[in-house]
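If you read the sequences in order, they're chains A and B.
Everything in the first sequence is counted per the working numbering, starting at 1 for the first residue and increasing by one.
Everything in the second sequence is counted per the working numbering, starting at 1 for the first residue and increasing by one.
Think of the CB as a built atom: it goes at the ideal place given N, C-alpha and C, for glycine as much as any other residue.
Everything below concerns the one structure shown next.
Protein chains: 2
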Amino acid sequence: MTETADNLSLAFEAYTTVRQRILRGELPMGQVISRRKLAAELGMSFLPVSEALLRLEFEGLLESRPRAGTRVRIPTLRDVQGHYTVREALEVQAARLFTSAATVEERNELQKLAARVDLMAYQPEADRLHYLTLHEKLHRRIADCARCESLSDAIEKTHALASTWMCVGRSGSGEEPKRTPHQSLLEVLCGADSERAGEAMRRHIVSSQTRALERLQPYFEMHKVNGATYARSAKRNLELAG
Amino acid sequence: MTETADNLSLAFEAYTTVRQRILRGELPMGQVISRRKLAAELGMSFLPVSEALLRLEFEGLLESRPRAGTRVRIPTLRDVQGHYTVREALEVQAARLFTSAATVEERNELQKLAARVDLMAYQPEADRLHYLTLHEKLHRRIADCARCESLSDAIEKTHALASTWMCVGRSGSGEEPKRTPHQSLLEVLCGADSERAGEAMRRHIVSSQTRALERLQPYFEMHKVNGATYARSAKRNLELAG
DNA sequence: TTCGCACGTTTGATATATCAGAAAAGCCCG
DNA sequence: CGGGCTTTTCTGATATATCAAACGTGCGAA
Chain A
1 MTETADNLSL AFEAYTTVRQ RILRGELPMG QVISRRKLAA ELGMSFLPVS
51 EALLRLEFEG LLESRPRAGT RVRIPTLRDV QGHYTVREAL EVQAARLFTS
101 AATVEERNEL QKLAARVDLM AYQPEADRLH YLTLHEKLHR RIADCARCES
151 LSDAIEKTHA LASTWMCVGR SGSGEEPKRT PHQSLLEVLC GADSERAGEA
201 MRRHIVSSQT RALERLQPYF EMHKVNGATY ARSAKRNLEL AG
Chain B
1 MTETADNLSL AFEAYTTVRQ RILRGELPMG QVISRRKLAA ELGMSFLPVS
51 EALLRLEFEG LLESRPRAGT RVRIPTLRDV QGHYTVREAL EVQAARLFTS
101 AATVEERNEL QKLAARVDLM AYQPEADRLH YLTLHEKLHR RIADCARCES
151 LSDAIEKTHA LASTWMCVGR SGSGEEPKRT PHQSLLEVLC GADSERAGEA
201 MRRHIVSSQT RALERLQPYF EMHKVNGATY ARSAKRNLEL AG
C-alpha cells in the first residue's frame, strides 16, 4: 500500500483511499477523521486531503462541521428513508430500461448472478463483505444494461452511501420471507413488460429498505447522542461497539 | 451586491455567486472562469473559490481539466439524454408520492401555479427568465409535497443543471402540441391513482426532453470544436454567438 | 459528587507562495 | 502567407503558515 505511482493527483489518491476504507468498514460510522494525520500518513499536505474529504462529503459518505471535525456520516431515520426513496426512483427506472435494452447474453449473465447472490444469502456469515460486493455488482450491472451512464453513476453513488450502513451487523433472527428474491426479480426483468419490471424492482427496494431500517435502528439513537458534537477522543465512539 | 455580511464562509459566498451567474445566463456555456480573477473580484483568496468551483463541478455545472482551465459545462448529446433519464426517474417518483402526501391546500396551490405557468408560455418572450423560474418552482413544489427532502434535493440539483441549458434561445417555430400541459399534469397528480400520476409525469418529462434536444443541437457541434481545449481568449467562444 | 468555567489542544478555513503543465503569443523558416 | 518552434503567460495543484472556533481537560465551587 505504499505509493505505487502518482496516479492522477494527490487529491484523487486520498479520495480513493478514504472511500475504500469506508466501504470496507475499516472506518465505522461516526469515526472522526483527522485531515492532518491522514495527510501525514499519505505523505502529502492536508490540502489535497481536504479536497478529497470535501468530495466524499458531497457524496454523503462524510459529514463535517466548520471547525469541529469530519467523521463518517451517521444517518438519521429520515436520511435512510430519503435514500431509499431516491434509490427506488433510480432503480425502477433502470429496471424499466433493462427490459428493452439488455442483450440476451446480459440477461443470461445476470440471471446466473442473481442465483449466486440468493445462494450466498444462506451461507454462514463468514464472508459478509463478499456478499455485499456481489449484491452491489448485480444491481450495478442491471443499471449498466440500461445503457445510460448518468443513471449508472447515480445508482453507484447511491449504493456507495448504503454500503456504509450495511457494514453493521445483521440481526441473526434468520427468517427470509422470500427464498430467492433476486432470482425472481431477474425473471420479471427479463420479460418484455417494463411496467411489471419496474414494479418488481420497486417491491425489491422497499423490502430492502425495511430490513435496513431494522438493522440501523440502534444507530438512530447514536445520532441523538453523538449528533451534536464531534468526539475527538475514542471514548464516545465505543458506546455502541459492544 | 457588495458583501452584506459574512454569510457562512467565503467558499459558500463564491459558490452562491457563481451558481447564480450561471443560472441567470450571465456565464454562457463554454465560458472559461479564472479562479484568480474571480478571487480578486470577490476579495478573497483563490482557495475558497477553488472549493466553490469544485462543488459546482461536482454538481455538473462546470467542467475542468487539471492545468488547463475551468469552464461552464458544454453538454454532449449523451449528457442531456442521461440527464433526462435521471430526471424522469426522480420526478416520476415525486409524482407518485404527491398523490398520497400532498395536502388539499397544496393541491389547490399547485393547480393555480400550473395555470400561471401554462399561461405564461404564450406570453411574448419578454421575461423568459421569469418563466423558467416559475416553471422550476412548480416542479420543485411538487417534489416538496412528496415529503422527502432527499428527493427534493436531488431534483433541485437536476433542475439547476438543466437551467444552464435552457438559457439558450428557443426556436421561434411557435407551435405547441398541448395547450395546457402543466394544468393537465396537475389534474392527474391531484387524483388518487399514483400509477397514472407517474405516467403523466413521465410523458411530461419526455416531451420536455424532446424540446431540449432540439434546442441544444447546435451546441453538440460546439462541443466537438471546443471540447478538447480550454480557450482562454474570447475568440473561440464567439463562434456560436452570432 | 456534580456542575461550571478557564485554558491548552485540535480542527477546518483561509492566505500566500511555489511549481509543473497547458495555452497563447511571438518568432523563425519556408 | 503559412507551418512548426520557442517563449511567455496563465492555470490548477500543492505546500506551508496563520487564525478563529470547537473540543477536551482539569480545577474549583456548591
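| Check | Outcome |
| --- | --- |
| Is there a Cβ of chain A sitting closer than 8 angstroms to that of Gln93 of chain B, yes or no? | yes |
| At a CB distance below 8 angstroms, what residues from the stretch 53 to 75 of chain A approach chain B? Give them in sequence order. | Leu54, Arg55, Phe58, Pro66 |
| Who are the near neighbours of Gln20 of chain A in its chain, counting only those whose CB is closer than 7 angstroms to its CB and skipping five residues on each side? | none |
| Does the beta carbon of Ser150 of chain B sit closer than 8 angstroms to a beta carbon anywhere in chain A? | yes |
| Around the C-beta of Arg65 of chain A, are 16 or more other C-beta atoms found within 10 angstroms, so that it is buried, or is it exposed? | exposed |
| Considering only the alpha carbon of each residue, which of A:Ser150, A:His204, A:Phe98, A:Leu27 lies closest to Thr76 of chain B? | A:Ser150 |
| In the DSSP assignment, find the alpha helix (DSSP H) that holds Arg128 of chain B and state where it starts and stops. | 128 to 144 |
| Unbroken beta strand (DSSP E) runs of length 3 or more, entirely within the stretch 18 to 102 of chain B: which are they? | 62 to 65, 69 to 72 |
| Rounded to the nearest angstrom, what separates Glu13 of chain A and Ser50 of chain B at their Cα positions? | 19 angstroms |
| Could you name the residues of chain B that Arg36 of chain A contacts, counting a contact when the two beta carbons are closer than 9 angstroms? | Correct list: empty, because the minimum Cβ distance to chain B is about 17 angstroms. |
| What would DSSP say about Val168 of chain B, mapped onto helix, strand or coil? | coil |
| His83 of chain B versus chain A: which residues are under 7 angstroms apart at the beta carbon? | Ser150 |
| Out of A:Thr164, A:Gln111, A:Arg232, which has the shortest C-alpha to C-alpha gap to Pro181 of chain A? | A:Gln111 |
| How far does the alpha helix (DSSP H) with Gln209 of chain B in it reach, from first residue to last? | 194 to 226 |
| With a cut-off of 8 angstroms, do at least 3 Cβ pairs link the stretch 141 to 155 of chain B to the stretch 74 to 88 of chain A? | yes |
| In its own chain, which residues sit with a C-beta less than 8 angstroms from the C-beta of Leu138 of chain B, not counting the 5 before and 5 after it? | Leu110, Leu113, Ala114, Val117, His182 |
| Could you pull out every residue in the same chain whose Cβ sits closer than 7 angstroms to the Cβ of Gly69 of chain B, ignoring the five residues on either side in sequence? | Val32, Tyr230, Arg232 |
| Taking only three categories from DSSP, how would you classify Ala231 of chain B? | coil |
| Could you pull out every residue in the same chain whose Cβ sits closer than 8 angstroms to the Cβ of Thr158 of chain A, ignoring the five residues on either side in sequence? | His83, Val86, Arg87, Leu90 |
| Just checking my contact of Asn164 of chain A with Val72 of chain A at CB under 8 angstroms: how many whole Å lie between their CB atoms? | This sequence places Thr at residue 164 of chain A; Asn is not what is there. Correct: roughly 7 angstroms between the Cβ atoms. |
| DSSP three-state call for Leu8 of chain B: helix, strand or coil? | coil |
| Would you say Arg196 of chain B reaches chain A, if we count a Cβ-Cβ gap shorter than 8 angstroms as a contact? | no |
| Could you tell me the alpha carbon to alpha carbon distance between Ala210 of chain A and Glu26 of chain B, rounded to whole angstroms? | Note that residue 210 of chain A corresponds to Thr in the displayed sequence, not to Ala. About 46 angstroms. |
| Taking all protein chains shown into account, decide if Tyr15 of chain A is buried (16 or more other Cβ within 10 angstroms of its Cβ) or exposed. | buried |
| What does Ala154 of chain A reach in chain B if we use C-beta pairs closer than 7 angstroms? | Val86 |
| Flag this pair as yes or no: are the beta carbons of Gly198 of chain B and Val92 of chain B separated by less than 8 angstroms? | yes |
| In this structure, does DSSP put Gln123 of chain B in helix, strand or coil? | coil |
| Does the Cβ-Cβ distance between Arg99 of chain B and Ser194 of chain B come in under 8 angstroms? | Looking at the sequence shown, residue 99 of chain B is not Arg but Thr. Yes. Within cutoff. |
| Counting only Cβ pairs nearer than 9 angstroms, list the residues of chain B close to Arg78 of chain A. | Cys148, Glu149, Ser150 |
| Give me the Cα-Cα distance between Ala121 of chain B and Phe58 of chain B, rounded to the nearest whole angstrom. | 32 angstroms |
| Leu90 of chain A versus chain B: which residues are under 8 angstroms apart at the beta carbon? | Val86, Ala89, Leu90 |
| How big is the Cα-Cα spacing for Phe46 of chain B and Ile205 of chain B? | 39 angstroms |
| Could you compute how far the alpha carbon of Ile142 of chain B sits from the alpha carbon of Ala52 of chain A? | 34 angstroms |
| Quick one: does Tyr230 of chain A have its CB under 8 angstroms from some CB of chain B? | no |
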